[in-house]
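Okay, so here's the structure we're looking at.
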Amino acid sequence: AKDTNDILAQDAHLIQSFADLNALKQQGARTVISRAKGAYVYDSEGNELIDGIGGLWCVNIGHGNEEMVSAISNQLQTLDFYSTFYNFTHPAAAALAEKIAQLAPGHLNAVYFGNSGSVANDSAIRMLHHYNIRKGKPNKKLVLSRHGAYHGSTHLAMAMTTPGYSEGWHAASELVHHLRSPHHWREGGEMTEVEFLDALIDDLKQSIERIGAENICAFIAEPIQGAGGVVTAPAGYHKRAWEICQANDIKYVADEVVTAFGRLGHFFASEDVFGMVPDIITTAKGLTSGYQPLSATIVSDDIHEVISGPDGMFLHGMTYSGHPAAAAAGLTNIDIMEREGIPERVQTTGKQFENNLRGLMDIELVGEVRGSHFMMGIEFVKDRATKASHPAEAQVGLKVARACQKRGLIARPLGNVLILSPTLIMDAPMIDQIESTLRDAITEVAAGL
Ligand code: PMP
2 AKDTNDILAQ DAHLIQSFAD LNALKQQGAR TVISRAKGAY VYDSEGNELI DGIGGLWCVN
62 IGHGNEEMVS AISNQLQTLD FYSTFYNFTH PAAAALAEKI AQLAPGHLNA VYFGNSGSVA
122 NDSAIRMLHH YNIRKGKPNK KLVLSRHGAY HGSTHLAMAM TTPGYSEGWH AASELVHHLR
182 SPHHWREGGE MTEVEFLDAL IDDLKQSIER IGAENICAFI AEPIQGAGGV VTAPAGYHKR
242 AWEICQANDI KYVADEVVTA FGRLGHFFAS EDVFGMVPDI ITTAKGLTSG YQPLSATIVS
302 DDIHEVISGP DGMFLHGMTY SGHPAAAAAG LTNIDIMERE GIPERVQTTG KQFENNLRGL
362 MDIELVGEVR GSHFMMGIEF VKDRATKASH PAEAQVGLKV ARACQKRGLI ARPLGNVLIL
422 SPTLIMDAPM IDQIESTLRD AITEVAAGL
């Protein structure tokens with residue numbers, strides 16, 4: 002039925018809440034996205050919808066960009082496929098690696114291409130294991146991650162993701178230790194943000210002491226946790242964590258699968274927003290704006306030199322690494338972003354988006370509006386004073402997402418949180434429209450609870 006045909010269920014694995022998923026299954030709800038252009042998508046029934054989630058924090062330059070389509074098509078006509086393995090490369094992959102190295106901060110100059118964010122993160126840890134083997138420290142293998150993290154769906158990437166994400170699944174967990182969630186509003190109790198920051202840093206220090214730095218290869222963190230509900234850490238957190246990692250010979254892996262390529266107003270957020278230069282940055286999604294599947298694990302000169310050194314090749318490859326069509330998409334995507342000044346524009350439009358959404362705090366159902374620029378989350382509560390949530394069965398996030406979709410806006414429900422991560426080509430009228438749609442949808446749902 003039309004009423005129930007209004008929610009995002011294309012990718013069951015992307016729906017975090019099992020309650021949401023079961024409800025969708027029961028209702029047979031499924032939206033068929035048939036075509037897309039610019040900031041809009043069109044469903045199979047001809048409805049025009051603002052793509053408020055950028056196809057899943059992905060389509061940064063907007064849908065249906067003809068220059069992208071031609072670049073991919075031209076590439077396929079020139080060289081359809083050759084894997085970048087052994088001593089082979091091709092012009093598009095080589096040029097893209099060079100371009101990424103130029104945009105990435107400081108000493109991050111070596112790029113390994115994969116085909117998903119999960120693979121990028123998995124590869125990062127494999128590389129660090131290999132790095133430590135080469136350095137004569139084969140036991141330095143454990144990864145520090147955090148509660149609330151999402152790092153992907155391969156075996157290790159899922160183990161690094163927040164415990165419980167995949168219910169009842171704990172494989173590979175011996176390789177990962179989860180630090181406290183950095184979510185002040187939910188986890189900070191009576192602490193001020195500064196006190197909470199100190200508590201988080203203490204947790205990091207004590208964990209290193211307990212486990213032993215000689216057993217820890219990496220600390221992995223999203224600059225802003227995405228699929229965990231858009232959670233920003235207290236100001237200064239990443240820089241302090243990075244300093245502690247440096248002091249303990251632990252490599253800092255920044256998972257910029259969502260935050261890179263303009264979403265926070267910069268090509269990479271680590272240095273420009275958070276003031277630190279990680280040892281590895283992983284990225285995907287916005288790298289091609291979703292036009293082709295491509296990821297990059299961008300590593301420091303130090304790591305690259307050690308793992309590609311003369312004493313034996315680091316065997317790690319995959320067929321579609323650096324696919325020509327994907328590399329061409331990446332190059333053209335970056336070219337468009339640079340020419341049109343998209344990251345710079347986001348510094349203004351993204352801030353406006355953030356401010357407008359923060360204005361929704363005047364609705365009682367809204368407990369917290371969080372995030373930055375075009376990466377925002379709205380958490381709904383039953384009681385603002387106690388921060389008590391509605392029970393899962395109330396499906397508040399899902400109801401608001403439906404009410405939005407009825408009004409022409411796609412938003413992503415995650416339990417009691419609604420996620421907004423639109424394309425980066427939003428202008429002021431569109432931003433206002435999203436805000437007023439959200440306001441109407443939330444108000445309607447609040448009245449019916
Ligand atoms: N890291 C982060 C921060 C992500 O948000 C995601 C996907 N949403 C991934 C990794 C995994 O990427 P992929 O789905 O392309 O494997």
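Going by UniProt numbering, the first residue of the sequence shown is number 2, and it counts up by one from there.
By construction, the Cβ of each residue, glycine as well, lies at the ideal position given by its N, Cα and C atoms.
Cβ-based burial, residue i [other Cβ within 10 Å; buried from 16]
i, result
"T333", "buried"
"A329", "buried"
"F82", "exposed"
"S182", "buried"
"M431", "buried"
"G230", "buried"
"N75", "exposed"
"G360", "exposed"
"F114", "buried"
"A93", "buried"
"S437", "exposed"
"E99", "exposed"
"D4", "Per-residue confidence for D4 stands at a pLDDT of 36, beneath the threshold of 50, marking its modelled position as unreliable; the derived number appears in the next sentence. Classification of D4: exposed, given that the 10 Å Cβ count is below 16."
"V70", "exposed"
"T387", "exposed"
"T289", "buried"
"K38", "exposed"
"D256", "buried"
Straight-line Cα distance separating residue j from residue i
i, j, result
"I212", "A261", "31 Å"
"L439", "V397", "13 Å"
"T320", "N66", "27 Å"
"S146", "C218", "11 Å"
"M277", "K252", "13 Å"
"G449", "N356", "27 Å"
"E365", "I443", "10 Å"
"N140", "D280", "19 Å"
"G29", "S45", "Confidence in G29 is poor, its pLDDT being 49 and thus under 50, which makes the residue's placement unreliable; the coordinate value appears in the next sentence. Those two C-alpha atoms are separated by around 15 Å."
"E369", "A200", "22 Å"
"I308", "G137", "12 Å"
"R340", "E191", "47 Å"
"D203", "E306", "33 Å"
"R413", "Q103", "34 Å"
"P392", "I282", "37 Å"
"residue 1", "H152", "It is not possible to answer for residue 1, since the shown part of the chain is limited to 2 through 450."
"P235", "E196", "10 Å"
"S154", "L415", "17 Å"
Contact belief for residue i with residue j at Cβ below 8 Å, rounded distance in angstroms
i, j, result
"V294", "S117", "Going by the sequence as given, residue 294 is Pro instead of Val. Right, the Cβ-Cβ distance comes to about 6 Å (below 8 Å), so this counts as a contact."
"S167", "M159", "6 Å"
"A40", "P423", "7 Å"
"L157", "L176", "7 Å"
"L205", "A242", "6 Å"
"S296", "A111", "S296 to A111, Cβ: 14 Å. No contact."
"A404", "V347", "A404 to V347, Cβ: 27 Å. No contact."
"F275", "P224", "6 Å"
"I51", "A326", "With 8 Å as the limit, I51 and A326 do not qualify as a contact, their Cβ atoms being about 28 Å apart."
"T233", "G372", "6 Å"
"E194", "H184", "Between H184 and E194 the Cβ distance is about 11 Å, and since that is not below 8 Å, they are no contact."
"L410", "I426", "No, L410 and I426 are not in contact; Cβ-Cβ is about 15 Å, not under 8 Å."
"D302", "H130", "Not quite, the Cβ-Cβ distance comes to about 19 Å (not below 8 Å), so this is no contact."
Residue i Cβ short of 7 Å to the ligand PMP heavy atom set
i, result
"D250", "no"
"E223", "yes"
"N122", "yes"
"H317", "no"
"Y321", "no"
"G227", "yes"
"Y43", "no"
"S119", "yes"
"Y151", "yes"
"A285", "yes"
"S167", "no"
"V177", "no"
"D52", "no"
"S437", "no"
"S146", "no"
"V258", "yes"
"S154", "yes"
Cβ-heavy atom distance, residue i to the ligand MN, below 7 Å
i, result
"G263", "Summarising the ligand content, the structure contains the ligand PMP and does not contain the ligand MN."
Segments assigned alpha helix (DSSP H), at least 4 residues, entirely inside the stretch 225 to 272: Here the runs fully enclosed are 238 to 248.
Ignoring anything shorter than 4 residues, give me the alpha helix (DSSP H) runs that lie fully in the stretch 56 to 137, in order along the chain. Positions of the alpha helix (DSSP H) runs, each at least 4 residues long and wholly inside the stretch 56 to 137, are given as 67 to 79, 92 to 104 and 118 to 135 in order along the chain.
For a minimum of 3 consecutive residues, which ranges assigned as the beta strand (DSSP E) are wholly contained in the stretch 346 to 393? Secondary structure within the stretch 346 to 393: the beta strand (DSSP E) runs of 3 or more consecutive residues, fully enclosed, are 367 to 373 and 376 to 381 (chain order).
Which runs of the alpha helix (DSSP H) at least 4 residues long sit entirely within the stretch 144 to 223? Give them in chain order. Under the rule that a run must span 4 or more residues, the alpha helix (DSSP H) segments found entirely inside the stretch 144 to 223 read 156 to 161, 185 to 188 and 194 to 212.
Please give the ranges of any alpha helix (DSSP H) in the stretch 289 to 330, keeping only runs that are unbroken, at least 4 residues long and fully inside the region. DSSP runs (the alpha helix (DSSP H)) wholly in the stretch 289 to 330: 302 to 308.
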